[in-house]
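The opening position of the sequence shown corresponds to residue 1 in this note's numbering, with each subsequent residue numbered one higher.
Even glycine gets a Cβ: it sits at the ideal position worked out from N, Cα and C.
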Amino acid sequence: MVDKIFEIIHMLEKLAVNAKVNMVYVETILKIIGIAYIAEFATQITKDAGQGAIASKIELAGKIIILAMAIPILTVLIETIIKLIPS
1 MVDKIFEIIH MLEKLAVNAK VNMVYVETIL KIIGIAYIAE FATQITKDAG
51 QGAIASKIEL AGKIIILAMA IPILTVLIET IIKLIPS
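What follows is the structure, given as C-alpha coordinates:
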(Lines of atoms letter the chains of each structure in order from A and count residues from 1; the text may use other names and numbers.)
(Lines give C-alpha, C1' and ligand atoms only; values in the text may rest on other atoms or scores of the structure.)
Protein backbone atom coordinates (compact mmCIF):
# COMPACT_ATOMS: atom_id res chain seq x y z
CA MET A 1 0.00 0.00 0.00
CA VAL A 2 2.87 2.36 0.77
CA ASP A 3 4.19 1.86 -2.78
CA LYS A 4 0.85 2.99 -4.24
CA ILE A 5 0.76 6.05 -1.99
CA PHE A 6 4.32 6.92 -3.05
CA GLU A 7 3.31 6.63 -6.71
CA ILE A 8 0.35 8.95 -6.18
CA ILE A 9 2.48 11.52 -4.36
CA HIS A 10 5.17 11.33 -7.04
CA MET A 11 2.55 11.82 -9.77
CA LEU A 12 1.11 14.86 -7.96
CA GLU A 13 4.59 16.34 -7.61
CA LYS A 14 5.25 15.91 -11.33
CA LEU A 15 1.91 17.55 -12.16
CA ALA A 16 2.73 20.47 -9.86
CA VAL A 17 6.16 20.95 -11.47
CA ASN A 18 4.64 20.84 -14.96
CA ALA A 19 1.97 23.35 -13.92
CA LYS A 20 4.64 25.55 -12.28
CA VAL A 21 2.85 25.41 -8.92
CA ASN A 22 4.87 26.31 -5.84
CA MET A 23 5.82 23.04 -4.14
CA VAL A 24 5.11 24.56 -0.72
CA TYR A 25 1.42 24.53 -1.56
CA VAL A 26 1.51 20.94 -2.81
CA GLU A 27 3.34 19.82 0.32
CA THR A 28 0.83 21.64 2.51
CA ILE A 29 -2.10 20.01 0.73
CA LEU A 30 -0.51 16.57 1.12
CA LYS A 31 0.01 17.24 4.83
CA ILE A 32 -3.62 18.31 5.15
CA ILE A 33 -4.75 15.08 3.48
CA GLY A 34 -2.52 13.08 5.84
CA ILE A 35 -3.94 14.84 8.89
CA ALA A 36 -7.48 14.16 7.68
CA TYR A 37 -6.77 10.43 7.30
CA ILE A 38 -5.02 10.18 10.66
CA ALA A 39 -7.79 12.07 12.44
CA GLU A 40 -10.44 9.88 10.81
CA PHE A 41 -8.54 6.71 11.75
CA ALA A 42 -8.12 7.86 15.36
CA THR A 43 -11.78 8.85 15.52
CA GLN A 44 -12.93 5.43 14.33
CA ILE A 45 -10.65 3.64 16.79
CA THR A 46 -11.93 5.65 19.73
CA LYS A 47 -15.55 5.14 18.64
CA ASP A 48 -14.93 1.38 18.40
CA ALA A 49 -13.55 1.52 21.94
CA GLY A 50 -16.78 3.14 23.11
CA GLN A 51 -15.23 6.56 23.67
CA GLY A 52 -17.52 8.75 21.57
CA ALA A 53 -16.71 11.93 23.50
CA ILE A 54 -12.98 11.57 22.86
CA ALA A 55 -13.71 10.73 19.22
CA SER A 56 -15.56 13.99 18.72
CA LYS A 57 -12.68 15.92 20.29
CA ILE A 58 -10.18 14.23 17.96
CA GLU A 59 -12.38 15.07 15.00
CA LEU A 60 -12.63 18.72 16.07
CA ALA A 61 -8.86 18.98 16.63
CA GLY A 62 -8.20 17.54 13.18
CA LYS A 63 -10.51 20.09 11.58
CA ILE A 64 -8.88 22.98 13.45
CA ILE A 65 -5.38 21.84 12.43
CA ILE A 66 -6.49 21.51 8.81
CA LEU A 67 -8.01 24.99 8.87
CA ALA A 68 -4.85 26.48 10.36
CA MET A 69 -2.67 24.82 7.73
CA ALA A 70 -4.97 25.94 4.90
CA ILE A 71 -4.88 29.65 5.76
CA PRO A 72 -1.79 30.46 3.62
CA ILE A 73 -3.31 28.68 0.62
CA LEU A 74 -6.65 30.42 1.11
CA THR A 75 -4.87 33.77 1.38
CA VAL A 76 -3.07 33.29 -1.94
CA LEU A 77 -6.30 32.11 -3.55
CA ILE A 78 -8.22 35.17 -2.38
CA GLU A 79 -5.39 37.51 -3.46
CA THR A 80 -5.40 35.90 -6.91
CA ILE A 81 -9.16 36.30 -7.25
CA ILE A 82 -8.93 39.96 -6.20
CA LYS A 83 -6.25 40.58 -8.86
CA LEU A 84 -8.55 39.09 -11.51
CA ILE A 85 -11.43 41.40 -10.66
CA PRO A 86 -11.29 44.57 -12.76
CA SER A 87 -10.96 47.79 -10.78
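Item	Value
Contacting residues, own chain, Cβ-Cβ under 8 Å from I73 (five flanking each side not counted)	Y25, T28 and I29
Three-state secondary structure assigned by DSSP to M1	coil
Integer-rounded CB distance, given that I32 should sit under 8 Å from M1	M1 to I32, Cβ: 20 Å. No contact.
Neighbour-count burial assignment, I45, 16 or more Cβ in a 10 Å radius	exposed
Beta-carbon spacing of T43, A53 below 8 Å	no
Entirely enclosed alpha helix (DSSP H) segments - the stretch 17-41, minimum 4 residues	none
Minimum C-alpha distance to E40 - residue among K20, N22, A49 and G62	G62
Residue range of the alpha helix (DSSP H) that includes I65	G52 to L84
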